[in-house]
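Peer 1: Numbering (the numbering used here), first residue to last: 1 to 330. The C-beta atom is built at its ideal place from N, Cα and C for all residues, glycine as well. Every value quoted in this text rests on a predicted model; they were computed, and no experiment measured them.
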Ligand code: SAM
Ligand code: SF4
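1. Between the Cα of residue 93 and the Cα atoms of 39, 242, 17, which residue gives the shortest distance?
2. Need the endpoints of the beta strand (DSSP E) that residue 248 sits in, please.
3. Going by DSSP, what residues sit across from residue 101 in a beta bridge?
4. Closer than 7 Å is what we want: which residues have a beta carbon that near any heavy atom of ligand 2? List them in chain order.
5. Is it the case that the segment 130-138 contacts the segment 106-117, given that we only count it when at least three CB pairs across the two stretches are under 8 Å?
6. Who are the near neighbours of residue 340 in its chain, counting only those whose CB is closer than 6 Å to its CB and skipping five residues on each side?
7. Should residue 166 be listed as close to ligand 1, given that the test is whether its C-beta is under 6 Å from any heavy atom?
8. With a cut-off of 7 Å, does the C-beta of residue 270 fall near any C-beta of chain C?
9. With 16 as the cutoff for other CB atoms within 10 Å, does residue 156 come out buried or exposed?
10. How long is the line joining the alpha carbons of residue 108 and residue 98, rounded to whole angstroms?
11. Could you tell me which residues DSSP puts in a beta bridge with residue 191?
12. For residue 9, which residues in the same chain have their Cβ closer than 7 Å to its Cβ, ignoring the five residues on either side in sequence?
13. Any heavy atom of ligand 1 within a distance shorter than 6 Å of the CB on residue 197?
14. Could you check how far apart the C-beta atoms of residue 191 and residue 102 are, in whole angstroms? I think they sit under 8 Å.
15. In three-state terms, what does DSSP make of residue 185?
16. Counting Cβ pairs, one atom from each stretch, are 3 or more of them under 8 Å apart for the segment 246-254 and the segment 31-44?
17. Whole-angstrom Cβ separation of residue 27 and residue 64, contact assumed at under 8 Å?
18. In whole angstroms, give me the CA-to-CA distance for residue 174 and residue 127.
19. Residue range of the alpha helix (DSSP H) that residue 236 falls in?
20. In the DSSP assignment, the beta strand (DSSP E) including residue 335 goes from what residue to what residue?
21. At a cut-off of 6 Å, would you count residue 85 as near ligand 1, judging by its Cβ distance to the nearest heavy atom?
22. Which residues does DSSP list as the beta-bridge partners of residue 22?
23. Looking at C-beta atoms only, is the number of pairs between the segment 208-224 and the segment 157-165 that lie closer than 8 Å three or more?
24. Ordered along the chain, which non-local residues of its own chain (more than five positions away) have a Cβ less than 6 Å from that of residue 172?
25. Which runs of the beta strand (DSSP E) at least 3 residues long sit entirely within the segment 262-290? Give them in chain order.
26. Should residue 180 be labelled buried (16 or more other beta-carbon atoms within 10 Å of its own) or exposed?
27. By how many angstroms is the C-alpha of residue 303 removed from the C-alpha of residue 294?
28. Is DSSP giving residue 227 helix, strand or coil here?
29. Have a look at residue 12 and residue 297 and give me their C-alpha separation to the nearest angstrom.
30. In the structure shown, what three-state DSSP assignment does residue 65 receive?
31. Is the beta carbon of residue 211 less than 7 Å from the beta carbon of residue 193?
32. Beta carbon of residue 188: closer than 6 Å to some heavy atom of ligand 1?
33. Anyone know if the C-beta pair for residue 199 and residue 323 falls short of 7 Å?
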């Protein structure tokens with residue numbers, strides 16, 4: 001934990017020790033609910049550079065942030081990804097460095113990223129069936145991704161989680177397969193309800209399903225819902241004495257989901273997003289150009305935090321600025 005006092009607190013008494021930093025919008029996968037047509041960009045995007053990321057992370061760490069998750073797009077497409085890991089994990093005050101990946105480069109790079117200082121990993125695997133995985137992501141890479149997960153356990157990652165977006169008619173009968181998967185592995189599989197974004201309304205209507213379907217099944221099979229610790233994030237976790245791993249459910253449409261919000265987001269071009277589904281993007285990049293701008297940067301972040309709303313308005317279909325999650329970092 002960061003010994004700095006948490007100074008990022010909003011008007012609803014929520015503290016923000018956790019920052020999700022997107023390092024690129026680019027992705028090589030074409031997940032049906034995210035980038036069904038793949039990544040396209042008309043002009044060459046200019047994502048935050050390593051010195052800009054260093055200034056940003058240093059400023060947030062001094063404001064009490066102790067956990068940083070690198071995300072995207074696919075963060076590992078950046079050639080300087082190991083440099084980014086190193087700088088984040090070595091920033092004073094940052095005790096937890098994590099990333100979210102589609103896993104396509106994991107097998108070959110797990111050791112390198114671990115050596116650079118990465119310790120916590122979320123891998124997205126929406127199906128354990130090869131054909132279904134191929135259909136969802138556009139890539140026949142399930143076996144590579146699974147080999148990457150095994151490699152991560154082998155090299156000693158402290159936390160390995162698997163993200164599964166729950167999709168009606170696609171993977172909603174696969175709970176038992178995932179339970180088998182965590183039986184002998186210290187892995188948490190987290191089922192995430194599909195969220196509506198600017199681009200995926202038709203898909204959302206067809207495939208969205210409440211995570212409650214799995215909740216009932218878990219309880220019937222003897223899984224125990226863990227008490228949520230303060231600041232523990234949005235997942236409701238279940239454990240079972242016969243299983244090494246755990247199961248989590250993330251239900252963004254549930255009542256009170258936003259009460260436990262503990263995170264802020266930075267886009268790959270340096271905008272602060274107060275909420276994944278918010279309508280405001282606050283540019284920070286102009287204050288990342290020299291070390292001497294740190295106090296101005298911190299003052300801007302603190303001022304903007306006053307505008308963070310109590311909740312998203314997803315249930316009313318308001319998806320805010322994002323066309324898809326690859327553009328803000330899911
Ligand atoms: N490319 C990396 C990956 O897929 O893990 C990191 C970025 S991705 C946007 C982060 C997470 O958001 C993934 O677990 C992905 O499945 C999830 N995600 C993307 N779009 C989503 C949506 N509309 N609803 C729920 N989860 C979504
Ligand atoms: Fe890429 Fe991740 Fe979006 Fe899939 S969910 S298209 S892997 S950014």
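Peer 2: A quick look at the data gives this:
1. In the chain shown, the residue the question calls residue 93 occupies position 93. In this structure, 17 is the residue among 39, 242, 17 with its C-alpha nearest to the C-alpha of residue 93.
2. What you label residue 248 is simply residue 248 of the chain shown in a count that begins at 1. Run containing residue 248: 246-250, per the beta strand (DSSP E) assignment.
3. By one-based count along the chain shown, residue 101 stands at place 101. DSSP lists 123 as partners of residue 101.
4. Proximity annotation: ligand 2 has residues 27, 29, 30, 31, 34, 35, 72, 73, 74, 102, 124, 137, 324, 325, 326, 330 in chain order, each selected because its CB is closer than 7 Å to a heavy atom of the ligand.
5. Touching, no, given that fewer than three Cβ pairs across the two stretches are closer than 8 Å.
6. An answer regarding residue 340 cannot be provided, because it is not within the stretch 1 to 330 covered by the chain.
7. Translated into the one-based positions of the chain shown, residue 166 becomes position 166. No, ligand 1 has no heavy atom inside 6 Å of this Cβ.
8. As a matter of chain content, chain C is missing from the structure shown, which is built from one protein chain.
9. As a first step, residue 156 must be located in the chain shown, where it is residue number 156. With fewer than 16 Cβ atoms within 10 Å of its Cβ, residue 156 is classed as exposed.
10. Here residue 108 corresponds to residue number 108 of the chain shown, with the count starting at 1. Here residue 98 corresponds to residue number 98 of the chain shown, with the count starting at 1. In this structure, the straight-line span from the alpha carbon of residue 108 to that of residue 98 is close to 18 Å.
11. Along the chain shown, one-based indexing puts residue 191 at 191. Residue 191 is bridged by DSSP to 164, 249.
12. As a working note, residue 9 is residue 9 in the chain shown. Within the same chain, residue 9 has close Cβ partners 15.
13. Counting from 1 along the chain shown, the entry for residue 197 is found at position 197. Indeed, a heavy atom of ligand 1 lies less than 6 Å from the Cβ.
14. Taking the first residue of the chain shown as 1, we reach residue 191 at position 191. Taking the first residue of the chain shown as 1, we reach residue 102 at position 102. The beta-carbon distance between residue 191 and residue 102, rounded to whole angstroms, is 17 Å. This is too long to meet the 8 Å contact definition.
15. As a working mapping, residue 185 is identified with position 185 in the chain shown. Secondary structure of residue 185 (DSSP, three-state): coil.
16. Verdict: no, contact absent.
17. For the purposes of this step, residue 27 is taken as residue 27 along the chain shown, with counting starting at 1. For the purposes of this step, residue 64 is taken as residue 64 along the chain shown, with counting starting at 1. About 31 Å separates the two Cβ atoms, so there is no contact after all.
18. For the purposes of this step, residue 174 is identified with residue 174 of the chain shown, where counting begins at 1. For the purposes of this step, residue 127 is identified with residue 127 of the chain shown, where counting begins at 1. Looking at the two C-alpha atoms, the distance is approximately 8 Å.
19. Within the chain shown, the letter at position 236 stands for residue 236. Segment 236-239 is the beta strand (DSSP E) holding residue 236; no alpha helix (DSSP H) there.
20. Because the chain here runs from 1 to 330, residue 335 falls outside it and cannot be looked at.
21. Against the chain shown, residue 85 aligns to sequence position 85. No; taking the cut-off as 6 Å, the Cβ of residue 85 has no heavy atom of ligand 1 nearer than that.
22. What you label residue 22 is simply residue 22 of the chain shown in a count that begins at 1. Looking at the DSSP assignment, residue 22 forms a beta bridge with 71.
23. Too few Cβ pairs lie closer than 8 Å, so no.
24. Here residue 172 refers to the residue found at position 172 when the chain shown is read from its first residue. 209.
25. Runs of the beta strand (DSSP E) spanning 3 or more residues and lying entirely within the segment 262-290 occur at 263-266, 271-273, 281-283, in chain order.
26. Within the chain shown, the letter at position 180 stands for residue 180. In this structure residue 180 is exposed. Its beta-carbon is surrounded by fewer than 16 other beta-carbon atoms within 10 angstroms.
27. If you number the chain shown from 1, residue 294 lands on position 294. If you number the chain shown from 1, residue 303 lands on position 303. Distance between the alpha carbons of residue 294 and residue 303: 14 Å.
28. On the chain shown, residue 227 is found 227 positions in, with the first residue counted as 1. In this structure, residue 227 counts as coil in the three-state DSSP scheme.
29. As a position in the chain shown, residue 12 is number 12, starting the count at 1. As a position in the chain shown, residue 297 is number 297, starting the count at 1. Each residue's alpha carbon lies about 22 Å from the other.
30. Position 65 of the chain shown holds residue 65. Coil.
31. Counting from one through the chain shown, the residue named residue 211 turns up at place 211. Counting from one through the chain shown, the residue named residue 193 turns up at place 193. Yes. Within cutoff.
32. Along the chain shown, read from residue 1 onward, the residue named residue 188 stands at position 188. Residue 188: no, Cβ never under 6 Å from ligand 1.
33. Here the question's residue 199 lines up with position 199 in the chain shown. Here the question's residue 323 lines up with position 323 in the chain shown. Yes, the Cβ-Cβ distance between residue 199 and residue 323 is below 7 Å.
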